[in-house]
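Undergrad: Taken in sequence, the protein lines are chains V and D.
Residues in the first sequence are numbered from 1 upward in steps of one, following the working numbering.
Residues in the second sequence are numbered from 1 upward in steps of one, following the working numbering.
Even for Gly, the Cβ is constructed at its ideal location relative to N, Cα and C.
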Amino acid sequence: MEHSADHDGEAARLLAGDATTWEALYERVHPAMLAYADRRLGSTEDARDAVSEAMTRAVSSVERMADLDLVPDAWLFGILRHVVIDQQRRNYRRRDLPVHRPIEDPEALETLVIEGEQDAVRLAFSRLSDSDRELLELRVVAGLNSDDVASLLGMKSGAVRMAQVRALNRLRSLMVEIEGVGS
Amino acid sequence: MKEMLDDDALLATLGAALAPEPSSPTAGQMAALHAALDARSGLISAAAPDAVIVPLGPSAGATGSRSARIHRLRHPVAVLVGVAVLATSGVAAAGVAMDTMPGPARHVAYSIGLPVTSPALESARATLGALEATLQGHDRVAVLDLTALLRTQLAALSDSDRAQIEPAAGRLLALANAFLEGEAASGIPQNPIPPVTGEGTHADTGNADNAGDAETSGSSRPSRGTDSPATGSPESGEGSGDASVPPMDHGSQTPQDDTTGDSGTPEGATTDSQGGSGDPTSGSPADSGSSDTTDSPLAPHELGPGSHSG
């Protein structure tokens, strides 16, 4: 996997335990990580805990990043993904929190006023399957390329690209459906 | 949306729609990060200079190279656990192979079917060793105790275990009996505990347990005397000839001898004439099995002096 020199330099500093680099990385990825965790856990508080836990794990396992040949952002999202899955399992056992909180209630489309394209996209996105949502989120929220997403999901790059095409087609169909209802 | 967006445009639109709100780590999160960094730096400094610390973090994929897997094996904790497992299993295997294990471990190993000597046999062997040492030290009371203990242990052994220890036990019990009889006959400081050889004691008290006691039972009961396979055996002969046991002085009549005489059992003569063979007979596991199981064994010292009424 090709990485830029910036990424390689950052990875080296992270490996060396440079606190400034770690802080900068944390600042940079925090919004995306929090959004990802919040959407999946349905609780901002749990999402913050998950992000914090992911960062702590990242520090203690930074050598693994080089082993897996991942850029720091992808590696962090990989850890966060596991933390979120663990938390979802705990939530499921407790049954006091929803495993997934949809962005909007898909059953109440008739009552919604679609104000713009982004609303339609969000609604359509909320009606996708978990796997489609996760793949697209890693691509557009975390900003990872297909290779990194493939590494995180344990898939091949080609399979990720095909899955992305299918997910986007479904999203497109849902958007047409929603715009038809909203218009 | 009048016209269909292509994939790139749709991705861009989706990215804009899902764009996270600006946020920063809280002070607590930053503190946690620094704590983790501090912990890691401490771990690095504590580790050996050439140790590469690769904590076992969550798997983010299955694409690790072979060198990466080898690297992970060098994680200090994993290495320590591996060494501990190897050492423990190695010691356990060596213990089983050499049959040298502490008591509790032996119990566990034996109970799960590992090929180790049974705890009961090991205990009997230990008693045997102690009895041998005690005989050399001429400690009469201890000899009495250990003799009784050994007989009890022999009676509790399985047939296969008993077969392993029977020759040595028979020889040593013969020595012990000879020693005790010698002590009794010599008239030297007598222990308040009556000698095991006090056949009269058994008869007088009518205590079946004592009647079944080792040294005398062979002679006091003709049937046992004849049944005894060890009577006159070379083993017994060896035992009686052992230099570590004081020679018996049958010429001196001690109260015990009188008692024996009163009982009408020519015990001492019989034993002596047979070269101490009567003792191993009773001391043999088979014998103790028959006598002790039928006559619930009482340790010789459990007989009080008052039991001698003759």
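Can you list, in chain order, the residues of its chain with a C-beta nearer than 6 angstroms to that of Q190 (chain D)? Leave out the 5 residues immediately preceding and following it.
TA: Note that Q190 (chain D) scores 47 on pLDDT, short of 50, meaning its location in the model is unreliable and no value can be drawn from it.
Undergrad: Give a yes or no on whether the C-beta atoms belonging to Q87 (chain V) and D46 (chain V) are separated by under 8 angstroms.
TA: yes
Undergrad: Nearest chain D C-beta to Q118 (chain V) closer than 8 angstroms, yes or no?
TA: yes
Undergrad: With 16 as the cutoff for other CB atoms within 10 Å, does G42 (chain D) come out buried or exposed?
TA: Counting C-beta atoms within 10 angstroms of its own C-beta, G42 (chain D) has fewer than 16 neighbours from the protein chains shown and is therefore classed as exposed.
Undergrad: Can you tell me which of D:P104, D:L18, D:A39 and D:L173 puts its alpha carbon nearest to the alpha carbon of E122 (chain D)?
TA: D:P104
Undergrad: When you compare only the Cα positions, how much space is there between V143 (chain D) and L131 (chain D)?
TA: 6 angstroms
Undergrad: Ordered along the chain, which non-local residues of its own chain (more than five positions away) have a Cβ less than 6 angstroms from that of V62 (chain V)?
TA: L14 and L15
Undergrad: Find the residues of chain D that neighbour V160 (chain V), judging by a C-beta separation of less than 8 angstroms, and give them in chain order.
TA: In chain order: nothing, as chain D lies at least about 12 angstroms away.
Undergrad: Kindly indicate if chain D contains any beta-carbon less than 8 angstroms away from that of S60 (chain V).
TA: yes
Undergrad: Tell me, please, whether the CB atom of L128 (chain V) is closer than 8 angstroms to any CB atom in chain D?
TA: no
Undergrad: Quick check: R81 (chain V) and A17 (chain D), are their CB atoms within less than 8 angstroms of each other?
TA: No. Outside cutoff.
Undergrad: Going by other Cβ atoms of all chains shown within 10 Å of its Cβ, with 16 needed for buried, is D67 (chain V) buried or exposed?
TA: buried
Undergrad: I'd like the list of long-range same chain contacts for V140 (chain V), defined as Cβ closer than 8 angstroms, with 5 residues on each side in sequence excluded.
TA: none
Undergrad: Taking 8 angstroms as the threshold (beta carbon to beta carbon), is G15 (chain D) in contact with chain V?
TA: yes
Undergrad: Please report the distance separating the alpha-carbon of R125 (chain D) from that of E53 (chain V).
TA: 59 angstroms
Undergrad: Counting contacts by CB-CB distance shorter than 8 angstroms, is L37 (chain D) in contact with chain V?
TA: yes
Undergrad: So is L5 (chain D) in contact with chain V if we call contact Cβ pairs under 8 angstroms?
TA: Taking Cβ atoms only, chain V reaches closer than 8 angstroms to L5 (chain D), which makes this a yes.
Undergrad: Could you tell me the boundaries of the alpha helix (DSSP H) in which T127 (chain D) lies?
TA: P119 to G137
Undergrad: Along chain D, in chain order, which residues have C-beta atoms closer than 7 angstroms to that of V121 (chain V)?
TA: T13, L14 and A17
Undergrad: Could you pull the start and end residues of the alpha helix (DSSP H) that E23 (chain V) belongs to?
TA: A19 to L41
Undergrad: Going along chain D, which residues have a C-beta under 7 angstroms from T20 (chain V)?
TA: Under the 7 angstroms cutoff, chain D gives no residues; its nearest Cβ is about 11 angstroms from T20 (chain V).
Undergrad: How long is the line joining the alpha carbons of T216 (chain D) and V85 (chain D), rounded to whole angstroms?
TA: Caution applies to T216 (chain D), whose pLDDT of 40 falls short of 50 and renders its modelled position unreliable; the value that the coordinates give is listed next. The straight-line gap from Cα to Cα measures roughly 55 angstroms.
Undergrad: Say whether chain D places a C-beta atom closer than 8 angstroms to the C-beta of V141 (chain V).
TA: At least one chain D Cβ lies under 8 angstroms of V141 (chain V).
Undergrad: Anything in chain V within Cβ reach of Q29 (chain D), meaning under 9 angstroms, just list it in chain order.
TA: Residues of chain V passing the Cβ test: Y26, H30, R48, V51, S52 and M55.
Undergrad: Which residues of the stretch 144 to 172 of chain V have a Cβ closer than 7 angstroms to any Cβ of chain D? Give them in chain order.
TA: For the stretch 144 to 172 of chain V, the residues whose beta carbon sits under 7 angstroms from a beta carbon of chain D are, in order, S151, L152, G154, V165, L168, L171 and R172.
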